[in-house]
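Before any comments, here is the structure.
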Amino acid sequence: MSDQKNWFEQARAQEARKKSNWWKWLLGLCFLLFFCSDGDRKEKRYCYNFGEEPNIRRACFKEKLAPDTECVFTEDGGVSCRIPS
Numbered sequence: 002m003s004d005q006k007n008w009f010e011q012a013r014a015q016e017a018r019k020k021s022n023w024w025k026w027l028l029g030l031c032f033l034l035f036f037c038s039d040g041d042r043k044e045k046r047y048c049y050n051f052g053e054e055p056n057i058r059r060a061c062f063k064e065k066l067a068p069d070t071e072c073v074f075t076e077d078g079g080v081s082c083r084i085p086s
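Residue numbers (the working numbering): 2 to 86.
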């Protein structure tokens with residue numbers, strides 16, 4: 002009888018240890034998401050649509066364009082922008 006009681010106590014203690022670790026897993030997951038996300042490493046890009054339907058093309062730049070900037074697509078697929086003076 003004492004062996005069976007001892008087995009039940011061991012099983013109960015093991016189950017209690019399992020239940021007490023859930024918050025450690027949750028905390029570890031939060032740290033992992035916070036420190037390993039690449040959201041802060043991406044450089045900001047400013048994207049604009051140019052052209053008219055159905056030939057709208059999209060171009061992205063590292064810096065914001067001035068409101069009066071004129072941009073045209075080149076034949077090689079690039080973008081050429083200038084600010085009128």
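The C-beta atom is built at its ideal place from N, Cα and C for all residues, glycine as well.
Remember, it's a predicted structure, so these values are computed and weren't measured experimentally.
It is roughly 32 Å from the alpha-carbon of C48 to the alpha-carbon of F32. The beta strand (DSSP E) runs of length 3 or more contained entirely in the segment 36-65 are, from start to end of the chain, 47-51 and 58-62. Sequence-distant Cβ neighbours of K65 in its own chain, meaning closer than 6 Å and more than five residues away, are Y47.
The beta carbons of C82 and T70 sit about 5 Å from each other, so the pair counts as a contact at 8 Å. The shortest CA-to-CA distance from S86 to any of G79, P68, T75 and G78 is the one to P68. Taking C-alpha positions only, K25 is separated from R13 by approximately 20 Å. When rounded, the separation of the alpha-carbon atoms in F9 and R18 is 14 Å.
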